[in-house]
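Top to bottom, those sequences are chains A and B.
In terms of the working numbering, the first sequence opens at residue 1 and continues consecutively.
In terms of the working numbering, the second sequence opens at residue 1001 and continues consecutively.
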Amino acid sequence: KNEVEQSPQNLTAQEGEFITINCSYSVGISALHWLQQHPGGGIVSLFMLSSGKKKHGRLIATINIQEKHSSLHITASHPRDSAVYICAVGLPGSARQLTFGSGTQLTVLP
Amino acid sequence: DAGITQSPRHKVTETGTPVTLRCHQTENHRYMYWYRQDPGHGLRLIHYSYGVKDTDKGEVSDGYSVSRSKTEDFLLTLESATSSQTSVYFCAISEARGVPGANYGYTFGSGTRLTVV
Chain A
1 KNEVEQSPQN LTAQEGEFIT INCSYSVGIS ALHWLQQHPG GGIVSLFMLS
51 SGKKKHGRLI ATINIQEKHS SLHITASHPR DSAVYICAVG LPGSARQLTF
101 GSGTQLTVLP
Chain B
1001 DAGITQSPRH KVTETGTPVT LRCHQTENHR YMYWYRQDPG HGLRLIHYSY
1051 GVKDTDKGEV SDGYSVSRSK TEDFLLTLES ATSSQTSVYF CAISEARGVP
1101 GANYGYTFGS GTRLTVV
C-alpha cells in the first residue's frame, strides 16, 4: 500500500518568510501533485511533477524520485497563501487515481 | 482548464433515503473520479470511471454506486444514506498533458457538502 506522509501538519509563518512543506511516499509513482484548498473552498491543482522542478510565481515544487520525496516552497509568503496544501501521488497503471497526504495547514500572519 | 460542475452544492437528507450527486464536465475527458473528504482521513477514492459504462471501485466504495451513461456525466448514488456518509464529496477529472501516460493534470469540482441526519 502506498503511504503519503506530509510534514509539518501545521505551520504558522510571518508574512515574507520562506516556507517549505515536505512530502514523502513509499512506492514508485507516475506523478506527484501539489494541491491547494482554501477554507470552505474547492481544491486547486498547483503542480504536477514527474521529475525535477517546477516554478509558478512564488511557488516552487521539487521532486527527488530516488529518495521518494517532494517539497513545496513558497517564497515571500503572504496572508493570502494561508490554506491547506495537499500532496497526492499517482501510481503507474492505476487509471490516474490519486492517493493523498493528510495535508498541511499553513497560516501566514500579517 | 476543463469545466466541471457538481450539483447540488449542499444537501441535507434523512437516514435511509437515496441520494444522487451529479458531476458534469464540458470536455470529453475519459477519466472521472468521486472522492470524499473527511477530517482525519483526508481525501479518499470512492469510485472512478475510465469511459462510458466503465467504472470501478475505490478505497471506500461500500454503500455507493456510480453510473456513467454519457461521457460528460458521472453520477454518485448513496443507495440508503447513513450518518457515516456525511462528508464533502469532490468530483474530479484528469486530463492528459504532454507525454501520454505520464503527465496528466487534475481538476476538481467545487464539492458537495452532504449531511445525513
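Using N, Cα and C, we set each Cβ at its ideal position, and we do this for glycine too.
Problem - Per DSSP, cross-strand counterpart(s) of Glu5(A) - result: On the first sequence, position 5 is the one that residue 5(A) refers to. Note: Glu5(A) sits in a beta bridge opposite Ser24(A).
Problem - Pairwise C-alpha distance: Gly103(A) and Lys1053(B) - result: Working through the second sequence from its first residue, we reach residue 1053(B) at position 53. Working through the first sequence from its first residue, we reach residue 103(A) at position 103. Between Lys1053(B) and Gly103(A), the C-alpha separation is close to 33 Å.
Exercise for the section: Would you kindly check if the distance between the Cβ of Gly16(A) and the Cβ of Ala76(A) is under 7 Å? Expected result: Counting from one through the first sequence, the residue named residue 76(A) turns up at place 76. Counting from one through the first sequence, the residue named residue 16(A) turns up at place 16. Their beta carbons are under 7 Å apart, which means Ala76(A) touches Gly16(A) by this criterion.
Exercise for the section: State buried or exposed for Ser1087(B), treating a residue as buried only when at least 16 other CB atoms are found within 10 Å of its CB. Expected result: Here residue 1087(B) refers to the residue found at position 87 when the second sequence is read from its first residue. The residue in question, Ser1087(B), is buried, as its Cβ has 16 or more Cβ neighbours within 10 Å.
Exercise for the section: Using alpha carbons as the reference points, say which of Arg1009(B), Ser1049(B), Gln1085(B) and Arg1044(B) lies closest to Val89(A). Expected result: By 1-based counting over the first sequence, the position of residue 89(A) is 89. Put simply, of Arg1009(B), Ser1049(B), Gln1085(B) and Arg1044(B) the residue whose alpha carbon is nearest the alpha carbon of Val89(A) is Arg1044(B).
Problem - Range of the contiguous beta strand (DSSP E) that encloses Asp81(A) - result: Position 81 of the first sequence, counted from the start, is the residue given in the question as residue 81(A). Going by DSSP, Asp81(A) is part of no beta strand (DSSP E) at all; its letter is neither H nor E.
Exercise for the section: Have a look at the DSSP bridge pairing and note the partners of Lys1057(B). Expected result: Numbered from its first residue, the second sequence carries residue 1057(B) at position 57. Under DSSP, Lys1057(B) forms a beta bridge with His1047(B).
Problem - Between the CA atoms of Leu91(A) and Gln97(A) - distance to the nearest angstrom - result: Locating residue 97(A) in the first sequence gives position 97, where the first residue counts as 1. Locating residue 91(A) in the first sequence gives position 91, where the first residue counts as 1. When only Cα atoms are considered, Gln97(A) and Leu91(A) end up about 7 Å apart.
Handout entry: Gln97(A) - DSSP class collapsed to helix/strand/coil
Key = On the first sequence, position 97 is the one that residue 97(A) refers to. Of the three classes helix, strand and coil, the one that applies to Gln97(A) here is coil, per DSSP.
Problem - With 16 other Cβ atoms within 10 Å as the buried cut-off, status of His56(A) - result: In the first sequence, residue 56(A) corresponds to position 56, counting from 1. Exposed: under 16 other Cβ atoms inside 10 Å.
Practice task
Using a cut-off of 8 Å between C-beta atoms, extract the partners of Gly1105(B) located in chain A.
Solution key: Position 105 of the second sequence, counting from 1, holds the residue named residue 1105(B). Neighbours of Gly1105(B) on chain A, chain order: Ser45 and Met48.
Practice task
Give a yes or no on whether the C-beta atoms belonging to Ile1093(B) and Gln1025(B) are separated by under 7 Å.
Solution key: For the purposes of this step, residue 1093(B) is taken as the residue at position 93 of the second sequence. For the purposes of this step, residue 1025(B) is taken as the residue at position 25 of the second sequence. Yes, these two residues count as a Cβ contact at 7 Å.
Exercise for the section: Would you tell me roughly how many angstroms separate the C-alpha atoms of Leu59(A) and Leu72(A), rounded to the nearest one? Expected result: In the first sequence, residue 59(A) corresponds to position 59, counting from 1. In the first sequence, residue 72(A) corresponds to position 72, counting from 1. Cα to Cα, the separation comes out at about 7 Å.
Exercise for the section: Write down the C-beta distance between Tyr1064(B) and His1047(B) rounded to the nearest angstrom, noting that I regard them as a contact closer than 8 Å. Expected result: Translated into positions along the second sequence, residue 1064(B) becomes position 64. Translated into positions along the second sequence, residue 1047(B) becomes position 47. Confirmed, about 6 Å.
Exercise for the section: With a 10 Å radius around its C-beta and 16 neighbouring C-beta atoms as the bar for buried, classify Arg80(A) as buried or exposed. Expected result: By 1-based counting over the first sequence, the position of residue 80(A) is 80. Arg80(A) is classed as exposed because its beta carbon has fewer than 16 other beta carbons within 10 Å across all chains shown.
Practice task
Taking Ile29(A) as the reference, give the member of Gln105(A), Leu106(A), Lys53(A) and Ser94(A) with the closest Cα.
Solution key: Translated into positions along the first sequence, residue 29(A) becomes position 29. Here the closest residue by C-alpha is Ser94(A).
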